[in-house]
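Asker:
Chains as they are written, first to last, in my numbering: chain A, 387 to 892; chain B, 387 to 892; chain C, 387 to 892; chain D, 387 to 892.
Quick look at the structure:
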């Protein structure tokens with residue numbers, strides 16, 4: 387780890403697959419051998435071969451990533467700053483528009499619901515960040531269904547009950563929460579804001595919610611813990627189990643040391659999802675439109691698959707849970723359960739709960755929404771006398787209104803997780819945005835519980851929701867197939883320009 | 387209550403939260419202490435601090451409001467008119483457009499159905515008034531569902547019956563009505579027309595319908611009673627029960643004195659709803675877009691909640707109904723029942739009826755329509771032998787066609803209430819508009835009963851409607867979520883501009 | 387009945403409600419006393435008071451109408467042609483556009499299905515004619531449902547059957563028909579073409595279909611009979627029963643004399659429907675936009691109702707059918723049956739059949755489609771052993787494809803009626819248009835029967851259609867309510883201009 | 387078969403129905419007598435009467451077609467090339483646009499799913515080719531339903547299973563396939579690319595899929611066999627049974643000689659379908675708009691029906707299958723089965739399987755999708771203990787995602803066929819396009835199986851799919867009827883321009 391000073395012009399010569407050096411935070415690394423293992427593909431690194439990659443590197447890698455993944459000898463030394471040509475940073479049209487949009491940002495108080503943060507974020511996020519955050523698997527049918535499913539549940543409100551005082555506080559895995567809502571884990575938080583996940587930590591602490599820390603955070607785990615606003619602030623941790631169990635053990639130990647109160651093991655992502663909106667924006671980003679690159683494409687995707695298998699173990703199975711319980715005393719919850727059969731099995735094993743979830747619609751398209759699965763899970767747990775406060779049910783995906791949370795609670799859930807909307811909130815407004823979002827949810831929740839006639843969460847009984855339509859999936863016509871089909875024409879020509887279809891025009 | 391004459395320049399100095407005077411109808415009041423209790427928030431008063439607030443005050447406060455809510459010493463005297471600077475009233479673009487639209491108002495006879503009044507009113511109402519009248523809770527799903535639900539009921543018309551003479555007169559709580567339709571209570575009637583609720587009184591009297599007088603009227607209760615067109619004209623009264631029962635008793639006594647024939651106790655609004663369309667127009671109104679006002683926003687909403695609790699008692703419960711029966715001989719009807727359980731309880735208590743209603747979709751989103759609830763209420767009342775003319779069922783929400791009323795009657799209702807459409811009718815055309823609307827309903831009703839083969843309302847039996855689809859809620863894609871989602875893109879670009887989504891553009 | 391010659395200037399003085407003369411085909415009539423009885427309202431006559439009304443009169447009155455409805459002394463004599471000022475007929479923009487569209491009329495062979503005739507007719511019909519033909523009752527929900535309902539029936543085609551020869555000939559009330567399709571009765575045929583209903587007679591004769599002659603034809607009954615292309619051509623007659631039974635008997639006797647083979651008694655129109663599209667175009671037509679005319683409107687509609695009752699008897703009941711059977715030997719069919727209860731009653735009475743129909747969606751909105759009713763009628767007739775070839779079931783409404791007819795036949799109908807599409811066909815192309823439409827249906831029918839594996843209509847068994855979804859009504863969002871509702875807005879403004887909503891704009 | 391040299395000017399004189407000569411590849415043929423038998427109608431031939439028809443002839447006729455269909459004496463000799471005037475080929479606007487689009491063709495790697503090939507192909511195909519490939523029967527309801535039906539099936543994924551290794555190889559009729567997907571037969575492959583079906587052969591060979599060779603290929607059968615990329619490459623053959631059984635026997639024998647491994651007998655096309663989109667483009671092509679041609683139209687269609695019966699026998703029945711089995715040892719599969727009754731019969735006869743298919747929605751509109759039929763077929767086969775690997779079930783129609791194939795396999799199918807998407811792939815990119823499409827499907831399949839928790843196809847059990855909604859057909863509003871209906875208007879005019887409706891405008 388020498389303090390060797392390297393000339394930038396020398397570094398610039400290592401700009402190929404054969405020899406690839408990059409500068410990050412003034413330090414020079416030889417990443418030639420690492421290229422095929424890069425989870426994002428080698429192409430994106432080669433773009434910065436021989437150059438300063440700091441700006442591109444920062445938002446998507448937590449501090450220490452390079453050090454942890456490269457052998458010590460790959461660190462070659464510091465770059466001599468005087469030799470580094472200051473590249474005139476190109477200001478793109480998109481940059482200009484975003485700057486302008488930021489100047490015209492609506493007042494925070496104009497955001498009246500969680501959808502608003504989404505439309506505001508759309509204005510201030512780079513296209514790449516927006517695509518990463520907002521995209522879902524394949525035709526995004528499941529992503530939409532997550533939200534739509536709540537719309538198939540209606541209330542049966544009761545009248546003439548004393549609703550002067552409303553109390554929606556609750557307890558998750560024995561930890562207090564001001565609401566039956568928690569902040570669920572989402573990846574790459576710095577794409578939206580330089581402080582990344584810490585925005586969520588601050589808002590959660592101030593508003594009394596529990597944050598689930600993601601494995602794939604942009605901030606380091608310790609940074610996120612350090613951001614707690616008070617000592618009693620509770621955090622959970624979301625875990626991807628590594629093929630190398632020792633790595634996982636080390637991570638769990640660190641979480642316990644930092645006082646994490648619950649372990650959410652992701653079980654719905656043995657392979658990371660493929661989101662086409664996200665992929666399309668990358669093509670736009672590169673700008674070139676050269677034919678005959680199909681082979682490269684194939685190679686790259688194989689490389690990604692290989693690389694991923696190093697930190698998510700696709701062979702993880704029920705047997706591994708015994709080992710997991712042996713290495714921690716934290717309550718263990720399976721995140722990503724999608725059938726009653728697996729929920730029952732988790733309950734029978736004595737786990738602490740399950741998150742009924744499809745990963746925000748980002749993994750398997752046409753998997754069902756968590757809220758729909760909740761219906762069958764509660765039914766089957768009750769039939770086996772396994773429905774109890776000792777085995778908690780969580781739901782995430784599509785929650786946008788406090789009423790969505792209340793529907794889940796009435797059906798038997800302990801709490802629901804919210805992810806994207808809070809990302810959008812801090813992308814536009816920082817931690818205050820997240821706080822405001824939470825306050826909106828609190829105001830909605832107070833109002834709704836009063837109107838439903840349920841002064842506490844215990845009063846929210848199954849009879850208060852009409853779930854008869856819950857299993858009736860409807861695929862709305864925004865999906866790919868409907869983009870492709872043409873309207874019928876008539877004897878006097880096309881009734882209107884074909885919808886969603888590029889036509890032959892000069 | 388002196389006749390003291392005050393100099394307007396002196397008044398103008400009391401223009402802050404610390405000391406706030408306002409002029410209304412030439413009288414000067416000190417409202418400093420009242421600021422935090424104002425139901426509409428203190429901000430709106432401060433806008434007029436030290437100034438003449440008459441024009442903004444009038445449409446939303448019945449005469450006498452200030453006097454009833456302020457201690458006598460807060461009235462400081464009359465303003466010296468000679469010192470009052472005539473402010474040049476700004477004529478906005480909106481004002482100009484409305485004036486132009488009024489000149490081009492369609493002839494009344496061009497309004498062929500109740501929807502027409504809505505589109506015409508949209509042209510002549512100020513944006514703020516339109517937003518207040520037309521808005522619903524949250525995503526307005528329930529507001530739309532109210533109307534849509536009627537569309538899931540179809541007729542089974544019978545043929546070859548003598549339908550020469552059609553009679554659709556009926557009796558509500560023992561009072562005659564020319565139709566199974568009444569004018570239900572709605573708030574702030576002067577937003578649409580300077581004569582406010584009196585427009586409804588006049589039309590109701592001339593056309594033989596019963597009007598339900600609202601607690602939150604713009605006109606005073608007595609003004610509305612005074613507007614009756616003949617001595618036999620029947621009115622009902624809609625009641626918000628005040629935390630101070632003495633206030634409520636006084637109101638009830640006055641209603642009895644003025645000959646009101648029925649008391650409709652609102653039970654679905656322990657807290658006044660929050661309508662986002664209405665909130666948004668207010669931001670546009672203020673015009674400023676300053677950051678860091680989020681705290682103010684929070685305070686304001688808390689203030690509103692506190693203030694409201696003074697005139698609507700959120701602790702109102704079934705037990706209070708005994709008291710209510712002890713203070714009046716008027717028949718009592720619960721307005722806002724949303725489950726068969728509560729309807730059965732009301733029947734068992736010996737009340738005179740219930741209005742199955744969700745408050746026009748303005749309170750709890752995803753509550754079901756009154757017409758859907760009617761189905762289960764009739765079934766359960768019959769099962770308990772409680773279905774009888776002594777316990778009448780009313781439905782409001784979404785009624786736009788006489789056929790909607792006929793569907794409700796066939797299912798077991800006595801009558802249906804109509805609110806917004808009559809507001810729209812007089813906003814554009816005054817009392818003649820309301821009369822025309824009622825005449826249209828009468829013409830539709832005569833036609834429909836003839837075509838259904840039911841010469842009187844008694845002939846409208848349950849077998850004449852096909853209600854199998856009634857419970858099948860469909861959320862149409864105008865809701866917030868669908869505004870936010872983007873269409874899928876393709877390899878040759880976006881098929882069309884994203885629908886309902888602001889995009890990054892220069 | 388003098389040959390008295392009248393000066394046009396003299397006639398022109400009788401131009402008011404007090405004294406109203408009109409000239410039709412050179413003859414002068416005093417219609418002052420007839421004004422209040424005119425089915426179309428007095429307003430439309432007064433427009434031509436003192437003038438030559440021939441051009442407006444002709445398309446909507448069959449020859450002889452005036453003579454039959456006026457006392458002989460109201461005929462005042464012939465107008466002296468030399469005194470008649472030739473009015474320069476104004477050529478409107480619409481006239482010009484229609485002329486241009488006629489020049490660019492698609493070739494008849496470009497019309498590939500029945501929908502094509504509708505879009506072509508839209509181009510060449512006057513707005514008033516289009517509105518009359520294409521409109522339906524109220525929100526046109528039933529009109530759309532008629533067609534949509536067929537879309538809920540799917541085929542279960544069988545394979546490997548010898549389909550070399552396809553035969554779709556059948557027999558209606560004992561009369562041969564080349565297809566299980568007949569031309570049903572529709573009113574005011576000259577609005578689309580000067581030869582009116584005769585176009586249908588010619589095409590029906592040439593193509594071997596049966597035409598049902600309407601009571602409200604533009605051509606006289608005899609003209610339509612005279613237009614038969616060969617001696618064996620079969621016609622049915624649609625009957626409105628007059629309050630004056632002698633008038634009806636006379637009509638029936640004339641029909642028998644002219645060889646009509648079946649009597650279809652309309653039972654779904656005790657009052658003529660009210661169609662708003664049709665009403666709107668009339669306002670555009672008058673051009674004036676004067677306020678305070680609401681009273682006139684009310685009077686007019688009452689007048690219409692009274693007038694109508696003279697030729698359609700709203701007291702017609704089951705008992706009258708005994709009389710009807712006593713005055714004719716023609717088979718009697720009830721047209722407009724909408725429940726199984728009434729169909730069963732008709733079968734029990736020994737009538738020859740029923741047409742399951744809602745009058746093309748022009749009478750009662752939210753009545754169900756004939757094809758849906760067919761399902762329950764067949765079930766209940768079979769349950770009572772009344773399902774037999776001696777009691778034939780017909781369906782009309784929404785038939786646009788031969789496959790629609792095949793679905794009905796598979797379910798148990800003998801034939802289906804088609805109305806509007808043939809009007810559209812001759813409006814654009816005369817009798818050849820109707821022939822082409824029928825030929826298209828024949829080609830579709832041959833193709834479809836071959837593909838279904840049913841070489842004859844007898845082979846079309848109930849198992850060949852999947853009708854499970856038939857009762858699932860869906861109201862598509864073209865209806866009035868959805869025209870009125872606005873999309874939700876967002877923190878960054880309206881996602882797009884409100885759909886279907888005029889907004890305040892300068 | 388003389389080498390006689392003919393003068394082009396002489397040939398040009400035979401340009402009428404009375405004497406019609408055409409030049410194809412330099413050879414002159416007398417086709418006068420063949421005109422009425424031409425499957426595409428005589429009109430299209432007469433367009434080239436007396437001229438060189440090579441360019442129009444080539445893409446839609448496999449080599450040898452003329453020789454096989456004409457008597458030897460109809461070959462008149464070679465044209466003298468020196469006498470042939472080189473016609474300046476007109477470069478149309480469409481040609482220019484397609485050339486431009488081809489220059490801007492997206493990179494192959496930008497095609498992320500099978501829908502992409504469709505939108506890209508739309509850019510580079512001639513309108514006529516696009517219309518032929520993309521069209522469906524009548525209102526294209528079934529064509530859309532084919533895809534939509536898959537959207538009514540949702541997954542029930544299982545967690546914590548070892549999904550390190552995914553294997554989706556399988557066996558079709560005893561032949562290995564890398565995926566449970568095969569390339570199904572489609573007609574006229576050269577419309578999209580000069581190498582026609584050979585593109586599919588090459589890609590199938592390289593990617594390990596099985597291709598089904600169509601009877602109506604643009605390439606000759608032998609050309610397609612010759613294009614195999616290795617000796618083990620497997621091909622199936624799709625057969626239309628000729629009225630002349632000897633012709634069919636000869637074809638079968640040739641298929642066996644060339645090593646074809648399975649015979650798919652088309653049973654859903656006793657008559658070739660009629661697709662209106664395809665017919666409309668032909669009218670645009672001719673350019674003339676002359677009236678009075680209706681008779682010609684009728685003749686032509688009759689001619690076509692007659693002509694077709696020569697190579698597809700509409701009398702084919704179950705009995706003929708005994709003969710078929712007697713002339714080949716290839717496994718026989720019925721292609722186009724649409725009910726469980728016929729599938730059971732095929733199983734009882736001992737055939738090797740059925741393809742549940744509606745011919746890509748190109749034959750009978752409102753026939754159900756193969757995937758829906760699969761549900762009932764498996765149920766009924768199981769009830770009769772006929773569900774076994776010896777009787778394989780295939781499904782085609784609407785498959786666009788690997789998940790569609792997995793849904794079919796989970797329900798009991800062996801494999802699914804894909805047609806149009808591969809045509810689109812090679813139309814834009816040649817065989818590499820098809821390969822890329824297959825690679826995308828493989829990547830999707832690996833991902834999906836991992837996420838479903840099914841490492842092999844055997845692990846895909848029925849419990850992994852939720853098919854409760856499968857029978858709920860929804861007709862989306864792109865169909866003809868909805869193109870024709872107008873939105874309701876209002877008192878202030880039309881809310882927006884009528885949708886899907888040409889209006890009278892100047």
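Each residue gets a CB set at the ideal place from its N, CA and C atoms; glycine is no exception.
Strictly below 8 Å CB to CB, what residues from chain C border residue 498 (chain A)?
Answerer: By Cβ distance, chain C contributes 877.
Asker: For residue 585 (chain B), does the three-state DSSP call read helix, strand or coil?
Answerer: In this structure, residue 585 (chain B) counts as helix in the three-state DSSP scheme.
Asker: If you draw a straight line from the C-alpha of residue 406 (chain C) to the C-alpha of residue 454 (chain C), how long is it?
Answerer: So the alpha carbons of these two residues sit roughly 18 Å apart.
Asker: For a quick check, are the C-beta atoms of residue 462 (chain B) and residue 414 (chain B) less than 7 Å apart?
Answerer: Their beta carbons are under 7 Å apart, which means residue 462 (chain B) touches residue 414 (chain B) by this criterion.
Asker: For residue 498 (chain B), count neighbouring Cβ atoms within 10 angstroms of its own Cβ and tell me buried if that reaches 16, exposed if not.
Answerer: It is buried - the Cβ of residue 498 (chain B) has at least 16 other Cβ atoms within 10 Å.
Asker: Would you identify the three-state DSSP class for residue 387 (chain B), choosing helix, strand or coil?
Answerer: Note that residue 387 (chain B) scores a pLDDT of 47, beneath 50, so its modelled location is shaky; the value from the coordinates is reported in the next line. Reduced to three states, the DSSP call for residue 387 (chain B) is coil.
Asker: Check whether the stretch 522-538 of chain B touches the stretch 702-718 of chain C, counting contact only when three or more Cβ pairs, one atom from each stretch, lie closer than 8 Å.
Answerer: These segments do not touch.
Asker: Please confirm if residue 807 (chain B) has its CB atom under 7 Å from at least one CB of chain D.
Answerer: Closer than 7 Å: no.
Asker: Run down chain C in chain order and give the residues with a C-beta less than 9 Å from the C-beta of residue 624 (chain D).
Answerer: Near residue 624 (chain D) there are no residues of chain C at all, since even the closest Cβ is about 15 Å away, more than 9 Å.
Asker: Grab the span of the beta strand (DSSP E) containing residue 801 (chain B) for me, first residue to last.
Answerer: Taken as a continuous stretch (DSSP letters only), the beta strand (DSSP E) holding residue 801 (chain B) covers 801-804.
Asker: Among A:742, A:572, A:417, which residue has its Cα nearest to the Cα of residue 600 (chain A)?
Answerer: Checking every option, the nearest Cα to that of residue 600 (chain A) belongs to A:572.
Asker: Threshold first: 3 residues or longer. Then list the beta strand (DSSP E) segments lying entirely within the stretch 817-866 of chain B, N to C.
Answerer: As far as the stretch 817-866 of chain B is concerned, it has no whole beta strand (DSSP E) run of at least 3 residues.
Asker: DSSP state of residue 417 (chain A), grouped into three classes?
Answerer: Correct three-state label for residue 417 (chain A): coil.
Asker: Near residue 470 (chain C), what residues of its chain come up, given a Cβ to Cβ distance below 6 Å and the 5 sequence neighbours on each side ignored?
Answerer: 394.
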